[in-house]
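Worksheet: the structure to be examined is printed underneath.
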Amino acid sequence: MRTLPNHILTIPIFPSPLRKQAAFTLIELVMVIMLLGILSATALPRFFSVSSYQQQVFFDDTLNAVRYAQKLAVATACNVQVSINADAYVLKQPANRSQCSSSSATYSLAVRNPGSGETSYTHAESGVSLSSTATTFYFDALGRASTNVTITVAGTKTISVVRDTGFVYAN
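Numbering (our numbering), first residue to last: 1246 to 1416.
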């Protein structure tokens, strides 16, 4: 004849009313789910709005483009122009190599975007404003900027370019 171990025999079939329960009630679970739903519908969109995300991406892209313009000017020993309008920037170089070091060069050759391979390094973001103290400026073969520039993205974030050193930084 087979016998059961002692620990199985001691487990009660019905829990004692004096025993403390270690679980959540259905009402508690429903209330937590309702509160999470209300929070996700009202509070979270304020933290993660699409417009603030677009502004940050455009700011980062603009900062990287200006830094790339300086590095490309040094690497190619040819000026690189940065043009800024209300919602876009464009990088260009002189089409004629003899104008590479000229301060009055004609910038007509589009700079290729190294990240995407597109033939023109430009970016426009609708709904995000872009302004600058200089609509066009260039970096020379030594990496110096033609003028001091402050670029403002979305009215709040700024990028500064120091003329004498070409240093580009975000404020």
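C-beta: ideal position from N, C-alpha, C; glycine also.
Check                                                                                                                                   : Outcome
Per DSSP, SER1425 forms a beta bridge with which residues?                                                                              : This structure does not reach residue 1425, given that the chain is present from 1246 up to 1416, and the question cannot be answered.
Quick one: grab the DSSP three-state call for VAL1407.                                                                                  : coil
CA-CA distance, ASN1393 and VAL1413?                                                                                                    : 10 Å
Figure out for me which residue from SER1374, PHE1384, ASP1385 has the closest Cα to the Cα of LYS1402.                                 : SER1374
How many Å lie between GLU1363 and LEU1336 at the Cα?                                                                                   : 12 Å
Pick out the complete beta strand (DSSP E) segments inside the region 1333-1365, 3 residues or longer, and give them in chain order.    : 1333-1339, 1352-1355
With C-beta atoms as the reference, is SER1405 less than 8 Å away from THR1397?                                                         : no
Could you tell me which residues DSSP pairs with THR1397 in its beta bridges?                                                           : SER1376, THR1403
Quick check: GLY1372 and SER1296, are their CB atoms within less than 8 Å of each other?                                                : yes
Whole-angstrom Cβ separation of THR1380 and SER1328, contact assumed at under 8 Å?                                                      : 7 Å
Using DSSP with H/G/I as helix, E/B as strand and the rest coil, what is SER1391?                                                       : coil
Three-state secondary structure (DSSP) at ILE1270?                                                                                      : For the sequence presented, residue 1270 should be read as Thr rather than Ile. It is coil, neither helix nor strand.
Between ALA1390 and GLY1411, is the Cβ-Cβ spacing less than 8 Å?                                                                        : yes
TYR1383 and GLN1344 - do their beta-carbons sit closer together than 8 Å?                                                               : no
I need the straight-line Cα distance from ARG1342 to SER1353, nearest angstrom please.                                                  : 12 Å
Can you have a look at LEU1281 and say buried or exposed, based on whether 16 or more other CB atoms are within 10 angstroms of its CB? : exposed
Classify ASN1324: buried if its beta carbon has 16 or more other beta carbons within 10 angstroms, exposed otherwise.                   : buried
Name the two residues that bound the continuous beta strand (DSSP E) containing ALA1369.                                                : 1367-1369
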